[in-house]
Amino acid sequence: MSADLAAEKGHKLALSAGWPCFFGSLGDFVGSWASISGFLGSSRQALCARSFRWRLLFATALTLVTLLFAAIFYSRQITVAASPQAYLYLEVGGTLLCYCYAANALVRFRGTHDRTALIFSFGFAISGIIETMGYFGFNEALNAGTLVLSKVPVGWMVSRTLLAVLLLAALAVERYMPTARKPSRETAAVLLVVALAAYLTSAAFLAAPAAPVANSKNILSRPWDLLPAALYLIAAVCFRLRIKSEKDKKSSANLLDYSLLIVASLNAICHLFSVFSRQLFDGPFFLAELSKTSSYMVMLAGALLDQARLFEQVRTMAVSDPLTGLANYRRLISVLEAELDRSRRTQRPFSIVLLDMDGLKTVNDRYGHLTGSRALVRIGKVLRNHSRAIDTPARYGGDEFALVLPETGKDIATRVVTRIHERLAAETEAPALSVSAGVAAFPQDGDTPEKLLGSADRALYIMKHGGRSSVQNLARIAACL
């Protein structure tokens, strides 16, 4: 009897101990299904959002294509034959833009050794030469009255196809030879590629049994223009993929990359218009010429803006310290000379503060050189963040910094030094930093950059070797001046 009671009590205890385990397992099961259902719901929402974006993109593309073909077929009814000078003006303008960009790209190659710039330079130069030769022949035939409107100029096809081939060649060079290991040999190879592409393209069209003639009865009056259109479209896709890959690498694409994408797209549209051109000077032909000239304008504008960006980047590197981002010694001397000229005109004072980091060698020996460099960056950040917009913080050299304070006397400059000490003392990052300072003011301490820097350096020496670099003793800085 007692054994039965003990067994029953044991079962009850087992059941009571099993209920928490059961409910815990049930909770885990329900939680797992909740996670799965939540994931499926979020996936379904993401899928719906992605599907909506694709539908919107498809509808936009379909609308644009419809409008484009409507414009093409409408323009076939329009003619500008009464004024062929409009075509000549566009041709001459496009040729001049070709030459301008070719010169710009050649300058870029000389400065950066960018082989794609060299390919673009020769490509646009050769296209410009071919278009110039075609312009003179076209003008003579127009004046003699022997111009056949249905005959497509061979120079048009050669120059346009050659430019498309060279765009793809530039992409291939950049893709398979990203770095120049032997610059002279690779530059010669690039020139050989340009010459070979020009020869093969010219030979392919000149060896044709007859010049291409537009067939006005067909919808696609000039189907051979589909070849350069396809080449430009491939180039546009490649440029778009290159921009996307640069974004994925967290590096911003420059303006020239976007310009190349627009140029390739405009040239593809140009030849799409040409496919539907029944004769010279009709609407599609004029739109094609306009698209081509616009692409040259975009190319030149993008190159000039990118050139300006490079010049600004070089200028910034020339006047700034690469470690701290402050002005360097060259910029400091330039600012001092400008401030001296201004102060002589206005008869108002300005001050310069020299600061020297205390114990940089100790920091390097104890924490390592990376921490020492980080300490210099921290001091530069304090100087930059706690200066006025008209002040110029600079790295004077090594562990020394300078601060030019326009419209500031010695007493105010001393307060600025006190504030810098307080900001450094308030930092929690290890190691703790402190600086010694020396102040010089115009005109009492000197009237040249050398004299002012020498006076500030002497004051700094007195303070540093007198042990007066702590915040408590900053009130005695004036005695060192």
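The sequence shown begins at 1090 in the numbering used here and counts up by one. Glycine residues also receive a C-beta, built at the ideal position from the N, C-alpha and C atoms.
For this session: Alpha carbon to alpha carbon, how far is residue 1155 from residue 1382? Give it in angstroms, no decimals.
Result: 24 Å
For this session: Classify residue 1266 as helix, strand or coil using the three-state DSSP reduction.
Result: coil
Problem set entry | Contact between the segment 1195 to 1214 and the segment 1246 to 1264 (3+ Cβ pairs under 8 Å) | yes
Problem set entry | Pick from 1316, 1144, 1227 and 1216 that is closest to residue 1173, judged by C-alpha positions | 1227
Exercise. Out of curiosity, what's the CA-to-CA distance linking residue 1489 and residue 1251?
Worked result: Approximately 58 Å, taken between the alpha carbons.
Problem set entry | Three-state secondary structure assigned by DSSP to residue 1240 | strand
Exercise. Thinking just about the alpha-carbon of each residue, which of 1197, 1184, 1194 and 1551 is nearest to the one in residue 1444?
Worked result: Considering only alpha carbons, the answer is 1551.
Problem set entry | CA nearest to the CA of residue 1369, picked from 1537, 1245 and 1345 | For residue 1369, the closest C-alpha among the options 1537, 1245 and 1345 is that of 1245.
For this session: Just grab the DSSP bridge partners of residue 1487 for me.
Result: Looking at the DSSP output, residue 1487 sits in no beta bridge, so it has no partner there.
Exercise. Per DSSP, residue 1481 is paired with what?
Worked result: 1493
Exercise. For residue 1445, which beta-bridge partners are listed by DSSP?
Worked result: 1489 and 1525, per the DSSP bridge assignment.
For this session: Could you tell me the distance, in whole angstroms, from the CA atom of residue 1294 to the CA atom of residue 1249?
Result: 12 Å
Exercise. Three-state secondary structure (DSSP) at residue 1553?
Worked result: It is helical.
Problem set entry | Inter-residue CB distance, residue 1571 and residue 1483 (contact presumed, cutoff 8 Å) | Residue 1571 falls outside the range modelled here, since the chain spans only 1090 to 1570, and no answer is possible.
Problem set entry | Beta-carbon contacts of residue 1350 that lie in its chain and below 8 Å, excluding the five residues immediately before and after | 1325, 1328, 1329 and 1332
Exercise. Are the CB atoms of residue 1254 and residue 1286 nearer to each other than 9 Å?
Worked result: yes
Exercise. Quick one: what's got a C-beta closer than 8 Å to residue 1401's C-beta in the same chain, skipping five residues either side?
Worked result: Around residue 1401: no qualifying Cβ.
Problem set entry | Top-ranked residue by Cα proximity to residue 1495, from 1537, 1399 and 1479 | 1479
Exercise. Considering only C-alpha positions, which residue in the set 1505, 1212 and 1306 is nearest to residue 1283?
Worked result: 1212
Exercise. Any contact of the segment 1512 to 1524 with the segment 1445 to 1454, i.e. 3+ C-beta pairs under 8 Å?
Worked result: yes
For this session: Could you check the C-alpha separation between residue 1355 and residue 1195 for me, to the nearest Å?
Result: 23 Å
For this session: Starting from residue 1500, follow the alpha helix (DSSP H) in both directions and report where the run begins and ends.
Result: 1499 to 1515
Problem set entry | Cβ shell of residue 1129 (< 7 Å), same chain only, five flanking positions each side left out | With a pLDDT of 47 at residue 1129, under the threshold of 50, the modelled position of that residue is not reliable, and the figure given next carries that caveat. The answer is none, since no qualifying residue turns up.
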